[in-house]
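If you use the UniProt record's numbering, the sequence shown corresponds to residues 1 to 161, in order.
Let me begin by presenting the structure, written as structure tokens, before commenting on it.
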Amino acid sequence: MKKLALAFCLLAVSFTAQAQFEKGTMILNPSVTGLDFSYSKNDDAKFGLGAQVGTFLADGFALMVNAGADWSQPKDTYTLGTGVRCYFNTTGIYIGGGLDWERIRLKGGEHNNDWGVGIEAGYAYFLSRTVTIEPAVYYKWRFDDSDNSRFGIKVGFGFYF
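Set out below in structure tokens:
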């Protein structure tokens with residue numbers, strides 16, 4: 001019974017945390033990716049890094065700029081983009097979406113460029129007033145080559161200034 005009460009209290013505290021989602025707050029969000037589930041022939045193991053930087057234009061609504069890189073065989077992918085993120089109340093749950101440009105470097109020196117849209121949903125778990133751990137799921141859809149579309153999981157940190 002004590003464990004159940006403790007779990008309930010921790011859950012209540014996490015949902016009432018005073019998050020830093022107010023207008024004018026800046027966010028820096030580095031992340032590690034690599035657990036992708038693609039529906040294509042391009043589903044080799046990969047490792048990726050990404051970063052998002054943004055500012056809250058209104059309470060709970062942030063404009064973001066992102067950059068990232070995924071390294072795998074036989075291709076490396078570099079991404080630049082922009083998007084928005086919307087936080088629900090002060091719970092830390094968010095959804096986001098955006099447009100990005102991808103440069104794909106294939107083994108042998110061939111390069112391809114592609115545009116796409118992405119959506120994500122995640123949770124900002126506050127470790128302190130300004131630092132979060134942010135697990136998220138995402139889907140990236142490519143316009144030109146659907147073999148490069150992917151669904152995945154990422155984990156990052158959020159720093160709120």
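Virtual Cβ for every residue (Gly too), placed ideally from N, Cα, C.
Note that this is a predicted model, so its numbers are computed, not measured.
Length of the line joining the Cα atoms of residue i and residue j
i	j	result
residue 90	residue 111	43 Å
residue 26	residue 108	41 Å
residue 115	residue 80	10 Å
residue 48	residue 101	16 Å
residue 31	residue 136	10 Å
residue 159	residue 123	14 Å
residue 94	residue 148	25 Å
residue 55	residue 24	6 Å
residue 22	residue 150	32 Å
residue 86	residue 64	11 Å
residue 20	residue 33	24 Å
Buried/exposed call for residue i, threshold 16 Cβ in 10 Å
i	result
residue 118	buried
residue 146	exposed
residue 129	exposed
residue 133	exposed
residue 58	exposed
residue 113	exposed
Within 8 Å, strictly: CB atoms of residue i and residue j
i	j	result
residue 154	residue 139	no
residue 69	residue 82	no
Element boundaries [beta strand (DSSP E), containing residue i]
i	result
residue 80	75-87
residue 159	150-160
residue 132	131-142
Identity of the residues DSSP links to residue i by a beta bridge
i	result
residue 114	102
residue 124	Looking at the DSSP assignment, residue 124 forms no beta bridge with any residue, so it has no partner.
residue 52	29, 66
residue 21	Note: residue 21 sits in no beta bridge, so no partner.
residue 97	84, 119
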